[in-house]
Structure formats: C-alpha cells, structure tokens
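Heads up: the protein sequence lines correspond to chains F and G, in order. Residue numbers for the first sequence follow the working numbering, so the first one is 4 and each next one is one higher. Residue numbers for the second sequence follow the working numbering, so the first one is 2 and each next one is one higher. Just so it is clear, CB atoms sit at the ideal spot from N, CA and C, and this is done for glycine as well. This one's a predicted model, so the numbers in the text were calculated from it and none came from an experiment. First the structure, in the form of structure tokens, and then the observations on it.
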Amino acid sequence: MRGKSRRAGRALKAFAGVLLSVIVVASGARAADDAGPNGDWPMAGHDYANTRFSPLDEINAANVGKLSLAFTFSTGVLRGHEAAPIVADHTMFVVTPFPNVVYALDLTQPGAPIKWKFSPYPSSSAQGEACCDVVNRGAAYANGSLYFNTLDNQTISLDAKTGKENWRVQLGDFARGETMTMAPLVADDKVFVGNSGGEYGVRGFLQALDAKSGKALWRAYSTGPDADVLIGPTFKPFYAQDQGKNLGVSSWPGEAWKIGGGTVWGFVSYDPAQNTLYYGTGNPGPWNPAQRPGDNKWTSGVFARDAGTGEARWYYQMSPHDLHDYDGINESILVDVAVNGQTHPALVHPDRNGYVYVIDRTNGQVLSATPFVPITTSMGVDMKSGRIQWNPDKQPEPGKTVRDICPASPGGKDWQPSAYSPRTHLVYIPHQNLCQDAMTSQVSYIAGTPYVGADLKIKVGPGGKRGLFTAWDPAAAKAAWKIEEDFPVWSGALATAGDLVFYGTMDGWFKAVDAKSGKALWRFKTGSGIVGQPVAYRGPDGKEYVAVLSGVGGWAGGIVAGDLDARDASAGGGFVNAMSDLPQKTAKGGMLYVFALP
Amino acid sequence: MNVRAACCVVAAIVSLAACQREKRDFEAPTKAVTPPPVRLSEIQPGAISTKTSLEGKYEDNAFALSEGKRLFGWYNCTGCHAHGGGDKGPALMDRVWIYGSEPAQIYATIVEGRPNGMPSFGGHIPDNEVWELVAYVRSLSGLASGMASPNRSDTMHVKAPESNVEAQQPVTAAPSGASERP
Numbered sequence: 004m005r006g007k008s009r010r011a012g013r014a015l016k017a018f019a020g021v022l023l024s025v026i027v028v029a030s031g032a033r034a035a036d037d038a039g040p041n042g043d044w045p046m047a048g049h050d051y052a053n054t055r056f057s058p059l060d061e062i063n064a065a066n067v068g069k070l071s072l073a074f075t076f077s078t079g080v081l082r083g084h085e086a087a088p089i090v091a092d093h094t095m096f097v098v099t100p101f102p103n104v105v106y107a108l109d110l111t112q113p114g115a116p117i118k119w120k121f122s123p124y125p126s127s128s129a130q131g132e133a134c135c136d137v138v139n140r141g142a143a144y145a146n147g148s149l150y151f152n153t154l155d156n157q158t159i160s161l162d163a164k165t166g167k168e169n170w171r172v173q174l175g176d177f178a179r180g181e182t183m184t185m186a187p188l189v190a191d192d193k194v195f196v197g198n199s200g201g202e203y204g205v206r207g208f209l210q211a212l213d214a215k216s217g218k219a220l221w222r223a224y225s226t227g228p229d230a231d232v233l234i235g236p237t238f239k240p241f242y243a244q245d246q247g248k249n250l251g252v253s254s255w256p257g258e259a260w261k262i263g264g265g266t267v268w269g270f271v272s273y274d275p276a277q278n279t280l281y282y283g284t285g286n287p288g289p290w291n292p293a294q295r296p297g298d299n300k301w302t303s304g305v306f307a308r309d310a311g312t313g314e315a316r317w318y319y320q321m322s323p324h325d326l327h328d329y330d331g332i333n334e335s336i337l338v339d340v341a342v343n344g345q346t347h348p349a350l351v352h353p354d355r356n357g358y359v360y361v362i363d364r365t366n367g368q369v370l371s372a373t374p375f376v377p378i379t380t381s382m383g384v385d386m387k388s389g390r391i392q393w394n395p396d397k398q399p400e401p402g403k404t405v406r407d408i409c410p411a412s413p414g415g416k417d418w419q420p421s422a423y424s425p426r427t428h429l430v431y432i433p434h435q436n437l438c439q440d441a442m443t444s445q446v447s448y449i450a451g452t453p454y455v456g457a458d459l460k461i462k463v464g465p466g467g468k469r470g471l472f473t474a475w476d477p478a479a480a481k482a483a484w485k486i487e488e489d490f491p492v493w494s495g496a497l498a499t500a501g502d503l504v505f506y507g508t509m510d511g512w513f514k515a516v517d518a519k520s521g522k523a524l525w526r527f528k529t530g531s532g533i534v535g536q537p538v539a540y541r542g543p544d545g546k547e548y549v550a551v552l553s554g555v556g557g558w559a560g561g562i563v564a565g566d567l568d569a570r571d572a573s574a575g576g577g578f579v580n581a582m583s584d585l586p587q588k589t590a591k592g593g594m595l596y597v598f599a600l601p
Numbered sequence: 002m003n004v005r006a007a008c009c010v011v012a013a014i015v016s017l018a019a020c021q022r023e024k025r026d027f028e029a030p031t032k033a034v035t036p037p038p039v040r041l042s043e044i045q046p047g048a049i050s051t052k053t054s055l056e057g058k059y060e061d062n063a064f065a066l067s068e069g070k071r072l073f074g075w076y077n078c079t080g081c082h083a084h085g086g087g088d089k090g091p092a093l094m095d096r097v098w099i100y101g102s103e104p105a106q107i108y109a110t111i112v113e114g115r116p117n118g119m120p121s122f123g124g125h126i127p128d129n130e131v132w133e134l135v136a137y138v139r140s141l142s143g144l145a146s147g148m149a150s151p152n153r154s155d156t157m158h159v160k161a162p163e164s165n166v167e168a169q170q171p172v173t174a175a176p177s178g179a180s181e182r183p
C-alpha cells in the first residue's frame with residue numbers, strides 16, 4: 004500500500020502542468036519528494052513528466068532585465084557541455100563531459116565553493132567510441148544519492164553529502180562501440196539507464212538497476228527475439244505495423260539485429276499513476292539502409308514499459324526502416340492534451356523526422372503528427388495505419404548522391420530537450436533548420452569502429468537560418484511563435500512560472516524571452532557556445548536562480564570542440580559543412596554560469 | 002608499346018621521380034617489415050632520424066596511394082576521421098599532428114593505437130596495407146608525392162582531391178580535447 008499512496012502522490016506532481024491548483028493542496032501534506040515543486044532541480048528534465056518547468060516566479064518579464072551573474076565555476080574541460088546542473092539538498096551537482104568528473108558545489112556558502120569532487124577515471128580509449136563528442140547529459144538525485152553514467156558504460160551512485168561511492172556497475176563494452184551519455188532517470192526506487200553507440204553497430208537497451216544496491220533488475224533490448232525485448236502477453240501496440248511475433252528478428256535480414264542499433268540515449272519519462280516508463284529508441288545501423296531491408300524493429304520508435312518488470316505495454320514506430328538517421332530518442336513530455344474537445348493523457352514528442360507527435364500515452368494511438376520544419380523525406384503520416392509515408396525520391400541508394408534531404412540527419416530537432424509550461428500550454432522546442440545531400444555506401448562491420456556507410460553534406464534549410472526556437476501548441480497542432488537563430492539551437496529549453504523561457508545559442512548568448520509572445524527580454528554573453536540544459540532553482544536564501552553550462556561541442560559543435568577541418572564537407576558526420584563559420588564566433592571552454600536578481 | 006614503357010616515356014618528360022608512379026607491386030612483401038624505432042618525443046639525445054627506407058616505395062606510387070584511399074574506407078577509418086576533416090578522431094588533412102607525421106610514426110599510430118580512442122589495428126591489417134594507409138594519410142595534407150596522389154573521387158564530392166592539396170608544414174600539438182586529467 005505504501006507504494007500505492009506514494010505513487011498517487013507522484014502522479015499528481017507529474018501532472019503538475021495540468022492540475023496546478025490541485026497539486027498545491029495534494030502535496031501540502033507530503034514531504035519533499037523526488038520530483039517535488041519545492042524549488043529543487045533533482046533530475047535533468049526537472050520532473051518525471053520531463054516538463055523542464057520550474058514553478059518559481061520571482062524572476063519575471065518585468066524584472067528579468069536586471070538579471071545578473073551570481074557566480075561562475077570552471078569545469079576545466081574543453082568538450083561539449085550538454086549536462087543539466089542538478090540541484091538538491093542546497094547543493095549543485097555538475098557532471099563534466101569525459102572524464103566525467105562530478106563537482107558538488109555548496110550553495111549555502113558565498114560563491115558556491117566546491118563541497119566535494121569525484122573522479123571516476125573512465126578509460127581514455129572510450130573517447131574514440133563516442134559518435135558526437137564525449138558529452139554527458141547530467142546526473143540525477145534521489146533520496147540522498149546522486150546517480151550518473153560514465154562514457155565507458157558505468158553507472159555510479161554517490162553519497163550526495165560526501166561524494167563517497169555507494170556502488171558502481173559496468174553495463175557495456177566500449178571496445179565494441181558502446182558508450183553512455185544519457186542522464187539516468189531514478190523512479191520507483193530504480194535507476195533507468197540506456198546505451199549510446201548507434202553509429203558503431205551496438206545493440207540498444209534500457210537497463211533497470213536497484214537504486215540502493217545497483218543490482219541489475221531487468222534489461223530490455225531494442226532488437227532481437229521478444230524475450231530479449233521483454234515483449235509478452237501485456238504488449239498491445241496500437242497499429243498493425245507494430246504487431247506480430249519476434250518482429251525484432253524478422254524485420255531484419257539474417258542476424259543484422261545483433262548489430263542493429265536502437266540505442267537508448269535520450270531522456271526517459273515516467274508516469275507514476277500507471278507505473279509506466281516512456282522512452283525513444285535510436286536509429287537502426289548501419290545508416291546505409293540497403294544493408295538492412297525491413298522495418299528494423301524496434302528502432303526509431305517509442306516504447307511504453309512497466310517500470311516494475313520492464314514488460315512492454317505498447318510501441319509506436321515513427322520511422323520504420325529509417326532512411327536518414329532519424330533516431331526516435333527525443334524526449335516525450337507527459338501532459339494532458341485536448342484534441343477535438345476531448346482531453347487525453349498524452350505524450351508530446353517532437354521527432355527527428357520533422358513531425359511533432361501527440362500520442363495517447365495509455366495506448367499508443369497517434370492523435371496528431373504535424374510537421375514543425377520543412378520536410379522533403381516524407382509526405383505525411385497516415386492516421387489510419389500510423390505509418391509515415393516516405394518519399395521515394397529521397398530514398399538513399401548506394402553510390403547515388405541524393406540531394407535536398409530535409410530535415411537533415413540531425414533531424415528537425417535532435418537531443419536538445421524541449422520545455423512545457425502549464426501556464427501557456429505551449430511546448431518550447433529548441434531545434435535546427437537543416438537539409439543535406441547524402442551518399443550511402445556498403446560498410447563492413449568491424450567491432451569497435453563506426454558502422455555507418457554514409458557521407459553527408461549538411462546545409463542550411465529553406466529560409467537561410469540554421470536555428471529555430473519554436474513555441475508549439477500541441478492542442479492546436481501549430482506553432483504559436485518562432486524565433487530564428489543563426490546557428491542551430493543545440494541547448495535545452497527552460498520554462499518558468501514567471502512566464503519566461505530560457506535557452507542558449509552556439510555563439511554563447513544565454514537568452515530569456517517572454518513565454519507568451521517570444522519577445523526578447525534579456526541576454527548575456529557567456530565564454531563559449533551553449534549546448535547545455537538551463538535549469539532554475541530556489542537557493543538556500545530563498546531567491547530564484549537560473550543556471551546553465553556553457554562550453555560548445557556535441558555533434559553540431561564538433562568543428563570547434565574537435566578542431567575539425569571544414570575543407571572536408573563530410574567531416575564531423577557532415578555537420579561541419581553547415582558550421583564552417585562557428586570557429587570565428589566561439590571557442591572551447593566549459594564554465595557554469597548562475598544568475599539571480601540583484 | 003607496353004604500359005610501363007609508355008609510362009616511363011611520359012615520366013621522363015615530366016620528371017624522373019614519376020617513374021615510380023605507376024609501378025605496381027604484384028607480390029605483397031612476404032616478410033613483415035620491422036618498423037624503425039618510433040618516437041613520441043621531439044627531444045632526442047643526439048640527432049636520430051625517424052625516416053624509413055619504405056617512404057618512396059609507397060608515397061611516390063599512385064597504385065599504393067589509391068589502394069590506401071580505398072582501404073581508408075574499407076577499414077572504417079572514414080567513420081572516425083571522415084575524408085580527412087576529422088570526426089571522432091582528429092583531422093588528418095591539417096598540419097597538426099599529435100603523434101607525428103613521419104611514416105614510421107603514422108605506422109605506429111595505426112598498428113599500436115593511441116590512448117585517446119585510436120584503435121590498435123595491429124593484427125587486423127596486413128603490413129603492406131598499413132604502409133599504403135600511411136602513404137595515403139600523408140597525402141591528405143600534401144606530404145606524399147603530388148604526382149601520385151589520388152586526383153579524383155569515386156564518391157559524392159566532399160573535398161578537393163589529394164593531388165590538389167598544398168603540402169602543409171607539420172606541427173606537433175596536444176590532443177584537441179586536452180583537458181584536465183583528474
């Protein structure tokens with residue numbers, strides 16, 4: 004019963020967006036919980052529903068103009084800083100990119116000095132196995148412990164007070180191309196983590212660990228026989244395309260599923276009322292689709308799973324037989340959405356393939372799928388079959404150059420997470436406007452080396468601006484407003500109850516805009532390009548703070564972080580072709596910036 | 002007139018070195034080639050050269066260089082270095098070298114691997130192919146013979162051909178991600 008009442012409490016909080024007045028009443032009787040609205044930022048997505056909405060409202064449109072620097076902290080690392088700073092227990096926790104050092108900063112002291120530092124010493128060889136820079140997307144705090152992943156596939160639990168190691172487990176093998184870059188989700192006394200390496204022929208999985216001991220509880224693979232994918236009698240996919248026995252084997256040629264990708268490197272969402280996890284699976288490998296005829300289950304889709312047993316409840320494949328590296332790993336934000344006058348418990352998922360999906364999260368039915376960027380690779384999503392209608396003109400063929408593929412492989416939006424404000428009912432999507440020319444070729448599988456078979460030349464999309472920040476109305480299925488940016492917006496978004504939205508740009512500006520109109524209100528130039536996830540928290544002094552890591556890198560920033568040579572258009576996965584001017588606009592360097600009103 | 006003779010007639014007009022250009026070794030060396038000592042430091046007590054006798058054999062030879070180019074894709078070097086501009090691994094078409102630009106140093110890089118993520122291909126790639134790769138890697142920054150370097154690509158055009166690259170004066174530098182080693 005204990006579990007049940009706790010779950011009910013969490014359920015209310017996860018729906019904070021929709022039931023704000025209810026939640027204040029309901030949670031008053033309860034102590035601060037993992038996803039509490041008490042001003043902390045305990046996990047990358049702020050809460051289980053992945054809203055990235057802070058209930059703090061001290062900083063608002065009227066006073067944000069005065070927002071100023073409170074303190075800074077150098078991470079000493081020069082690669083892409085994609086993490087969210089985590090705040091709990093009057094402490095801020097920062098995980099750096101490789102070598103994945105964890106710093107705890109004491110927020111009760113002036114200038115937030117180092118409370119402790121933890122060096123996990125990941126293998127330096129793992130650096131060659133990370134497709135898109137040696138990033139880390141942050142830690143998670145729960146019940147006095149801090150959890151994070153290392154690039155060389157370790158999940159580590161630390162005592163959040165002292166930085167002492169509680170446990171560590173090894174979950175993958177970098178020598179075969181596996182790495183870990185995602186931020187763990189801790190819920191239901193379990194830690195949920197997944198692997199990266201979709202460009203190295205790895206086999207994707209989501210792993211559940213016991214939060215106290217690190218003991219492995221279950222692992223659900225994204226390819227292979229039903230038994231490995233944890234597909235059983237409770238699996239009820241909505242569409243015929245996702246129904247059948249052992250599709251994780253039969254939708255691949257031969258044993259290709261063993262090296263077929265479907266990695267789980269995005270954010271995991273959790274609905275405590277249903278005890279259900281939601282997460283996306285990565286692209287199938289290799290990119291060259293000619294080597295893997297079939298739908299390539301269960302890659303480039305969304306899974307709903309029982310958090311206790313791992314059993315799949317439903318699955319929906321956004322990109323069957325993915326042709327363009329359209330990973331399905333983008334976040335699913337759990338909110339209630341009114342579609343045609345009827346309110347559905349839904350998930351909102353802006354996908355790489357260019358559509359924002361609103362899906363009924365109880366059964367996997369697509370309620371709407373609407374383009375949010377120019378699309379040439381498909382003609383739409385058929386609402387009857389749920390199937391995307393690929394455009395045969397953009398189908399890659401080995402040795403043939405296919406031009407004007409939109410969106411490009413990083414998609415209409417990549418990993419950079421959106422925010423949702425329950426006050427405006429808008430989803431704030433940081434993203435890019437890119438197309439590409441591509442040529443695929445036969446590639447041989449050599450363990451530990453990339454398994455891709457494609458050359459890309461990524462370029463700016465229609466309109467001439469590489470970046471967009473879009474406020475999307477999921478109920479109306481259209482944009483409320485858009486802001487154009489010169490570079491792809493590779494940072495996360497933050498929404499606050501002060502009706503502000505924050506994001507960063509790759510040339511180093513940290514910006515606040517009006518959540519309702521998109522009007523620019525405030526900006527600050529940080530030392531390097533921003534690809535991190537901004538957060539807001541209440542300090543021990545009761546004030547609201549906004550924090551972000553600066554430090555350019557990631558796939559989009561590889562030209563700076565990795566000193567890539569733009570004379571080769573295909574360098575950095577083809578991204579340097581679109582970013583050749585970035586080195587004139589910013590330089591490397593990881594630094595935390597924290598702001599408050601004076 | 003046979004092909005080799007034709008080559009030499011043309012080559013004689015252009016330059017003597019070009020004679021090597023179209024020479025093909027149909028028999029791969031049967032014995033493993035022992036590389037000379039490989040140095041990671043520029044500081045050497047006394048003057049000792051890292052040059053090898055193999056340089057000309059591969060670097061002035063168009064067949065070896067084009068084979069090197071093919072193998073660069075075949076062994077998935079492209080996956081980590083793109084077509085020289087770099088990706089997970091550093092750019093190889095620029096003048097910056099972490100572990101040295103001399104053939105013996107590049108040979109060692111490929112065979113032994115390097116600590117920040119360069120796999121050790123020793124045992125996976127036959128020795129003569131490693132030398133072809135060495136020659137091709139050097140051609141990316143114009144260090145192989147311009148006469149013999151590949152001058153067209155069979156794939157989508159992503160960069161200027163190797164034969165068009167101006168020789169770049171090599172410099173040594175720390176790895177690009179150089180950061181605190183905790």
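Listed by chain order, chain G residues near residue i by CB distance under 7 Å
| i | result |
| --- | --- |
| ASP458 (chain F) | THR156, MET157 and VAL159 |
| VAL579 (chain F) | GLY86 |
| ASP571 (chain F) | ALA83, HIS84, GLY85, GLY86, MET94, VAL159 and LYS160 |
| PRO453 (chain F) | ASN77, GLY80 and CYS81 |
| GLY576 (chain F) | ASP88 |
| GLY264 (chain F) | The premise fails here: GLY264 (chain F) is roughly 14 Å from chain G at the closest Cβ pair, so nothing lies under 7 Å. |
Within chain G, the residues that residue i reaches when beta carbons sit closer than 8 Å
| i | result |
| --- | --- |
| MET442 (chain F) | THR156 and MET157 |
| ASP568 (chain F) | GLY85, GLY86, GLY87, ALA92, MET94 and ASP95 |
| THR404 (chain F) | MET157 |
| SER447 (chain F) | TRP75 and ASN77 |
| GLY235 (chain F) | Chain G residues near GLY235 (chain F): none, gap ~37 Å exceeds 8 Å. |
Under 9 Å from the C-beta of residue i: neighbouring residues of chain G
| i | result |
| --- | --- |
| GLY530 (chain F) | Result: empty, since nearest Cβ-Cβ is about 15 Å, beyond 9 Å. |
| SER127 (chain F) | PRO116, ASN117, GLY118 and ARG182 |
Spatial neighbours of residue i in its chain, beta-carbon cut-off 6 Å, leaving aside the 5 residues before and after
| i | result |
| --- | --- |
| VAL104 (chain F) | SER122 |
| CYS81 (chain G) | ASP88, LYS89 and GLY90 |
Proximity test, Cβ basis, 8 Å: residue i and chain G
| i | result |
| --- | --- |
| GLN130 (chain F) | yes |
| ASP396 (chain F) | no |
| CYS134 (chain F) | yes |
| ALA293 (chain F) | no |
Min CB distance residue i to chain F below 8 Å
| i | result |
| --- | --- |
| ASN117 (chain G) | yes |
| TYR76 (chain G) | yes |
| PRO162 (chain G) | no |
| GLY143 (chain G) | no |
| GLY80 (chain G) | yes |
| PRO120 (chain G) | yes |
| ALA175 (chain G) | no |
For residue i, the residue or residues it bridges with in DSSP
| i | result |
| --- | --- |
| THR499 (chain F) | F:SER57 |
| TRP290 (chain F) | Bridge partners of TRP290 (chain F): none, in fact. |
| LEU149 (chain F) | F:TYR144 and F:LEU161 |
| GLY304 (chain F) | F:GLN320 |
| PHE76 (chain F) | F:LEU595 |
| GLU488 (chain F) | F:GLY470 |
| ASP109 (chain F) | F:THR94 |
| GLY507 (chain F) | F:PHE513 |
Under 8 Å between C-beta atoms of residue i and residue j
| i | j | result |
| --- | --- | --- |
| ALA163 (chain F) | VAL98 (chain F) | no |
| GLY180 (chain F) | GLY414 (chain F) | no |
| ALA496 (chain F) | PHE375 (chain F) | no |
| ALA602 (chain F) | PHE56 (chain F) | A question about residue 602 (chain F) goes unanswered here, because the residues of chain F that appear run from 4 up to 601. |
| THR182 (chain F) | ALA129 (chain F) | yes |
| THR111 (chain F) | PRO543 (chain F) | yes |
Neighbourhood of residue i by C-beta distance below 7 Å, restricted to the same chain and skipping five residues each side
| i | result |
| --- | --- |
| GLY83 (chain F) | PRO100, ASP136, VAL138, VAL534, GLY554, VAL555, GLY556, GLY557, GLY560 and ALA564 |
| ALA35 (chain F) | Only weak support is given to the placement of ALA35 (chain F): the predicted model assigns it a pLDDT of 34, under 50, and the value that follows is read from those uncertain coordinates. Closer than 7 Å at Cβ, skipping near neighbours: ASN41. |
| VAL138 (chain G) | LEU93 and ILE107 |
| PRO256 (chain F) | ARG295, PRO296 and GLY297 |
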